[in-house]
Each structure stands twice: as structure tokens, then as C-alpha cells.
Amino acid sequence: MQILRTVAELRTRVRGWKSDGRQVGVVPTMGALHEGHLSLVRAAKRGCDRVIVTIFVNPKQFNNPDDLQKYPRTEDSDAALLAAEGVDVIFAPGPDEVYPEGFATQVAVSGVSEPLEGTMRPGHFEGVATVVAKLFGMTQADRAYFGQKDWQQLQVVKRLVADLNIPIEIVGAETVREHDGLAMSSRNLRLDPLSRAQAPALYRIMTRVAGQLRDGAPVDQTLAQGREDLLQAGFSAVEYLELRAASTLAPIATLDAPARLLAAATIGDVRLIDNIPV
83 MQILRTVAEL RTRVRGWKSD GRQVGVVPTM GALHEGHLSL VRAAKRGCDR VIVTIFVNPK
143 QFNNPDDLQK YPRTEDSDAA LLAAEGVDVI FAPGPDEVYP EGFATQVAVS GVSEPLEGTM
203 RPGHFEGVAT VVAKLFGMTQ ADRAYFGQKD WQQLQVVKRL VADLNIPIEI VGAETVREHD
263 GLAMSSRNLR LDPLSRAQAP ALYRIMTRVA GQLRDGAPVD QTLAQGREDL LQAGFSAVEY
323 LELRAASTLA PIATLDAPAR LLAAATIGDV RLIDNIPV
């Protein structure tokens, strides 16, 4: 396994693979890897001949400077995990390699990026779309692997690829959870013991709400009760608990098409997101 820092090095390596007819997969990450990331790596290993994992804490997708500062950076331990999984290349560029002096382009995906996280984190998805477009161009990968925990992000990336005719297949993998249902996330490292004990209530309450909606319970009242239940369970704020169309994230009032229940809530000083199919 090699750790590469520049686009030129990466392009040389990928060019050699492709000249040999190899299929290339990429797993974009911001590091602080956990079992959820590793499940994506394994999926990429099954589906591709060569696998690149990118590690880049993207400043453009953080609308809160404190959040960027606090984001865990654990490249040495990440590299050890990836070496054990048989990854071919880690691409870990510095900010100046991704956004060199004079960089002036921003990618914006309308529609699916606007509600939920788009409302709560202005500019977030522009940062995501920009860096993802760059990583696809840098790696020249045939397939890219994303977790479904960031469901809205996954839909934004799919829209980006479709609209710009980027020749890459987007693979969305199931959310990986802890034994108590908490969705695995790098942010979980910041939970204090009390918050960590309370955090699984997010998935538990969402599962109950989804079951009630499937059974025909009224949408608005059921969601309102779910938000109240989260506050009673120890969450200090519930930014949203919403039922949305699965692919467009448009609001829906009846279950007559594939739907997703999505939530964002804060416990302690950590903001958690999750989603489940309904």
C-alpha cells in the first residue's frame, strides 16, 4: 500500500492500472475511520481490481469553523486499518493540492441539496459537490462507494454524476451500526459517556416512528411526537425529523412511493444524523 499526496502521482498510478484493464474503485473519506468506512472498502475490494481510499478533511463543507477544528485527524491509525484491508493506495492530499492558489470554482446541485442539511448547514453541499467532483477527476475511478447514513449526500452525489455525465458508478452501502443501533460516525468519538449512553435513542425512536407511519398513523402528528420523544430522551435540540421522498427529498404526506425518515439532533455538544427507509 502506498500513501500518495499529489494528483500527478495518483494519475500516474491509475494510468498504469487502467492500461492493464483494471477496474478502479474509490472510497472518499475524511479519515477517523471506523467499521462503516471499512465496510465500504470491502465492498470496493469485491467490486473492483484496485481500490483507492481518499483521506481529506474538506474545509469547504464545514460551515462551522469550530467543527472543522475539532474534526478528528488520525492518519497513522487510518493507514494501519487500510493496510490490513489490502487497500492499494491512500490518497491524502493537503489543502493546497486540492484548492491551489487561484482556485475559483464551486459546484452547486439544486433541488435535492436544498432542504434538511442544506437548510441547517448553508454552503455544506456546495463544498461536498465541489470536492467530490474534484476527487472523481483526480482518481479517474470507475466506481465510488458511499454510506447510506449520509442519505442526502448520497442523493446529491448521484444527481451530480447524472447531470454532469461523469463516467463513474455510485454505489450506496447500508448504514453500519453499533450493537445498540447507533449509526457509526467519526463524530461518535466526541460523545461523553452520558451522551453515548443516550445517543441510541435516536435510532430507537426513529424505528418506532417509521413503524407507526407504515401502519397508517397521521404523518404530522407522528413526527411531532417523535421530536418530543427525542427531547425527552436527552437530546438538547432536534433540527429535523422528517418524512421525505427517497430520491428527491421532497416532503410527502402519504406513503405511496419509496420514502425515507431523516433526522438531525444534538446530544451533548455533538450533532448526529441518521435515516431509515419507511
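Just so you know, this note's numbering puts 83 at position 1 of the sequence shown, and the rest follows in order with no gaps.
Just so you know, even glycine gets a beta-carbon here, dropped at the ideal spot from N, CA and C.
Keep in mind it's a predicted model, so treat the numbers as computed, not measured.
Check: What's the C-alpha gap between residue 294 and residue 283?
Finding: Counting only the Cα atoms, residue 283 lies some 16 Å from residue 294.
Check: Shortest alpha-carbon distance to residue 171 belongs to which of 290, 189, 164, 134?
Finding: Nearest option by C-alpha distance: 134.
Next item on the list: Just confirm the distance between the C-beta atoms of residue 243 and residue 252, as a whole number of angstroms; I'd bet it's less than 8 Å.
Entry: Contact flag correct, Cβ pair sits at about 6 Å.
Next item on the list: Compare the beta carbon distance of residue 292 and residue 317 with 7 Å and say whether it is the shorter of the two.
Entry: Their beta carbons are not under 7 Å apart, which means residue 292 does not touch residue 317 by this criterion.
Next item on the list: Note down, in chain order, each residue of its chain lying with its Cβ closer than 7 Å to the Cβ of residue 286, except the 5 sequence neighbours on either side.
Entry: Excluding positions up to five away in sequence, the list reads 263.
Next item on the list: Measure from the alpha carbon of residue 175 to the alpha carbon of each residue in 212, 217, 162, 203, then state which is nearest.
Entry: Residue 217 is the option with its Cα nearest to residue 175.
Checklist line | Inter-residue Cα distance where the pair is residue 228 and residue 205 | finding: Taking the straight line from one Cα to the other gives about 20 Å.
Notebook entry, point to check: Nearest to residue 144 by alpha carbon, out of 166, 197, 97, 202?
Noted result: Comparing C-alpha distances from residue 144 to each of 166, 197, 97, 202 shows the shortest one belongs to 202.
Next item on the list: Would you check if the stretch 189–196 and the stretch 154–167 touch, i.e. whether three or more CB-CB distances between them fall below 8 Å?
Entry: No, the stretch 154–167 does not touch the stretch 189–196.
Notebook entry, point to check: According to the neighbour-count rule (16 or more other Cβ atoms, all chains shown, within 10 Å of its Cβ), is residue 140 buried or exposed?
Noted result: Counting Cβ neighbours within 10 Å, residue 140 comes out buried, since at least 16 surround it.
Next item on the list: Indicate whether residue 241 and residue 301 have their beta-carbon atoms separated by less than 7 Å.
Entry: For residue 241 and residue 301, no; Cβs fall outside 7 Å.
Next item on the list: Note down, one range per segment and in chain order, each alpha helix (DSSP H) of at least 4 residues found wholly within the stretch 173–213.
Entry: When DSSP assignments are scanned along the stretch 173–213, the uninterrupted stretches of alpha helix (DSSP H) that are 4 or more residues long and fall wholly within it turn out to be 177–180, 199–202.
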